[in-house]
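Data first, discussion second: the structure below is written as structure tokens.
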Amino acid sequence: MAQAHVGSELWSVGKAARALNANVHQGLHGEGFIYALASAAGLTASRPNLDLDGVDWQISASGPTGTYRSPRLDCQVKSKSQPDLRGGKYRVRLALESYNKIAGPGFQVPRFLFVVVVPPMASGYAECGHDSMRLGTAGYWLSMADFPPVSGDAGGVGSIVLEVPTMNLLTPTTLRALLIGDFEGASA
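Residue numbers for the sequence shown follow my numbering, beginning at 46 and rising by one.
Structural data, given as structure tokens:
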């Protein structure tokens, strides 16, 4: 069996080696899914150096895009391997603190919740062939502008459940539409 040195660790090539715990690995795949989607859309994606404001990724276009110049959006990414799907909507629970960082009007840059439904096993995260790589499985969006922040003393509530419609599928086309505020084009 072939071996490779990665940093100071010796890895056996061909063996299933896991350097990350399952939750971290799942979250990394969800964020990588969003990065790959932005790249496919011809957009740039960058991460804030610290997550102080609830923003995992900033996605932008350079130069003019329709009537906008250099539009940008901010998103928080949540991944789910066992999603709660009810009536065409994924139910996602956010800690109140995380929710309040992205909810409501008044942000200069629009904020979204992106939910990436991932395969239950890490082995399904990416399938590679000679002519393509398929990332499992799909991402969805929810604009947070119309969701009011919740005060910290709201009856001892520590989290909030949001419903993300499956019709809000993230694709390169819908991501570009979200960037310029075209929610109808993003839901098509």
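Every residue, glycine too, gets a C-beta built ideally from N, C-alpha and C.
Q) Is S124 buried or exposed, if buried means 16 or more other CB atoms sit within 10 Å of its CB? A) Working through the sequence shown from its first residue, we reach residue 124 at position 79. By the C-beta density criterion, S124 is buried, having at least 16 other C-beta atoms within 10 angstroms.
**Q.** Candidates D129, R138, G108, S188, of which the one nearest P150 by Cα
**A.** Locating residue 150 in the sequence shown gives position 105, counting from the first residue. The shortest Cα separation from P150 among D129, R138, G108, S188 belongs to S188.
Q. Which of the three DSSP states, helix, strand or coil, is assigned to I79?
A. Position 34 of the sequence shown holds residue 79. When secondary structure is reduced to three states using DSSP, I79 falls in the helix class.
Q. Where T89 and V195 are concerned, what is the direct C-alpha to C-alpha distance, given to the nearest angstrom?
A. Taking the sequence shown and counting its residues from 1, the one referred to as residue 89 is at position 44. Taking the sequence shown and counting its residues from 1, the one referred to as residue 195 is at position 150. A straight line joining the alpha-carbon of T89 with that of V195 spans about 32 Å.
Q: Ignoring anything shorter than 3 residues or poking outside the stretch 174–207, list the beta strand (DSSP E) runs there in chain order.
A: Runs found: 178–180, 183–188.
Q. My guess is that L215 and Y185 are in contact by the Cβ rule of under 8 Å, so how many angstroms apart are they, rounded?
A. Position 170 of the sequence shown holds residue 215. Position 140 of the sequence shown holds residue 185. Taking C-beta atoms under 8 Å as the contact rule, L215 and Y185 qualify, at a distance of about 6 Å.
Q | Identity of the residue in R138, W102, G226 nearest Q127 by Cα | A | Stepping through the sequence shown from its first residue, residue 127 is reached at position 82. Measuring from the Cα of Q127, the nearest candidate turns out to be R138.
Q) Under a Cβ-count criterion, where at least 16 other Cβ atoms within 10 Å of its own Cβ denotes burial, should V162 be classed as buried or exposed? A) Counting from 1 along the sequence shown, the entry for residue 162 is found at position 117. Taking a 10 Å sphere around the C-beta of V162, we find 16 or more other C-beta atoms and assign the residue as buried.
Q) Taking the alpha-carbon positions, what's the V51 to S232 distance? A) Taking the sequence shown and counting its residues from 1, the one referred to as residue 51 is at position 6. Taking the sequence shown and counting its residues from 1, the one referred to as residue 232 is at position 187. The predicted model places V51 with a pLDDT of 41, which falls under 50 and marks its position as unreliable, so this point remains unresolved.
Q | Contact set for F157: own chain, Cβ-Cβ below 8 Å, skip 5 residues either direction | A | Within the sequence shown, the letter at position 112 stands for residue 157. Spatial neighbours of F157 in its own chain (CB-CB distance under 8 Å, excluding positions within 5 residues in sequence) are listed in chain order as L118, D119, C120, Q121, I147, W186, L187, S188, M189, L223.
Q.
I believe I236 touches F159 by the beta-carbon criterion, under 8 Å. Please report the beta-carbon distance rounded to the nearest angstrom.
A. The first residue shown for the chain is 46 and the last is 233, placing residue 236 beyond what the model contains.
Q: Work out the CA separation of G133 and T211 for me, nearest whole Å.
A: Residue numbering aside, residue 211 sits at position 166 when the sequence shown is read from its first letter. Residue numbering aside, residue 133 sits at position 88 when the sequence shown is read from its first letter. Each residue's Cα considered, the two are about 6 Å apart.
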